[in-house]
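Let me begin by presenting the structure, written as structure tokens, before commenting on it.
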Amino acid sequence: MSLPDIVSREEWVRARKELLAKEKEFTRARDALNAERRRLPMVRIDKEYVFEGPRGKATLLDLFEGRRQLYVYHAMWDPEWERACRSCSSTLAEVSVGLLRHLHERATTYAVVSRAPFGRIEPFREEMGWPFPWYSSFGGDFNVDFHVTLDESVAPIEYNYRTREEFAAAGQDWFTDQPMELHGASCFLRDGDTVYHTYSAYARGTEAVGGSYYHLDLTALGRQEPWEEPEGRASGGMQAGQRLPYPDEYDDEFAGR
């Protein structure tokens, strides 16, 4: 195994300062990109999607649980599979009660949606001990419309905003003639009873998600901090000047679940 060079403390500090300058440049570029993401236009959702979840049938509006924003993780789970995708399950294993509390404090609900029947999803979720709601979109168009179920008999293939022809032109024609399940993440904003689609990411685009701030970076309202651009989007979540509570100061809404 090749190890980094061994140097004096003074040499290490010089190298660290050089890297720090690049890290700061990256941080500023990321802040600007997040601000541009929050300026994306929205699409009104007029289609009636129906899911099955812990409380029976649910609409997309129900998935918000009364909050302003909804973050949906599209977990790969074909109706014929006994269990969810291993990679998606690894991602979901990192979703903690603490993360959900932070998101809820900023008026954002985290939910998982898969195409498998709910009767298979719920026992798996309980077995894993995961605290988030997991809904089934079985029999509906949600997965196809948001391009995580690719079925050419239903709709032209599109994944990560590229068509099958564009993938083929790039030498990446890895699609099959059978329906395929892929992963992604989608964000929605609610204004009263009207729901808007604000963002979706696929493939390595979901790697940016790491902790509650990175989830919030993908949403329309962002982290809801006073320094963020554009201004004036903190309504319904953190207010300007409001301090984030300590973990033991949150309402224990997860007790008994």
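Each residue of the sequence shown is one higher than the one before, starting from 1 at the first, in the UniProt record's numbering. In this text, a Cβ means the ideal position worked out from N, Cα and C, and glycines have one as well.
For Leu218 against Arg37, the beta-carbon gap comes to about 7 Å, under 8 Å, which counts as contact.
When C-beta atoms of the stretch 68 to 84 are compared with those of the stretch 105 to 118, three or more pairs fall below 8 Å, so the two segments count as touching. Counting only the Cα atoms, Val148 lies some 24 Å from Leu33. His197 is a Cβ neighbour of Val43, given a cutoff of 7 Å. For Tyr214, the enclosing alpha helix (DSSP H) covers residues 212 to 217. Residue pairing by DSSP places Val113 opposite His74, Tyr135 in a beta bridge.
Counting along the chain, Cys85 sits inside no alpha helix (DSSP H), nor does DSSP assign it H or E at all. Per DSSP, reduced to three states, the secondary structure at Glu229 is coil, with no helix or strand assignment. Taking each of Glu228, Pro54, Leu40 in turn and checking the Cα distance to Pro123, the smallest one comes out for Pro54. The continuous stretches of alpha helix (DSSP H) do not include Glu249, and DSSP gives it neither H nor E. Look at the beta carbons and you see the stretch 53 to 70 touching the stretch 185 to 199: at least three pairs across the two are nearer than 8 Å. DSSP places Gly56 within a strand segment (E or B) once states are collapsed to three.
It is roughly 15 Å from the alpha-carbon of Glu207 to the alpha-carbon of Val72. Looking at the backbone, the Cα of Ala35 and that of Pro230 are separated by about 7 Å.
Between the stretch 163 to 177 and the stretch 213 to 227 there are fewer than three C-beta pairs closer than 8 Å, too few to call the two in contact.
Of all C-beta pairs linking the stretch 129 to 137 to the stretch 100 to 112, three or more are shorter than 8 Å, placing the two stretches in contact.
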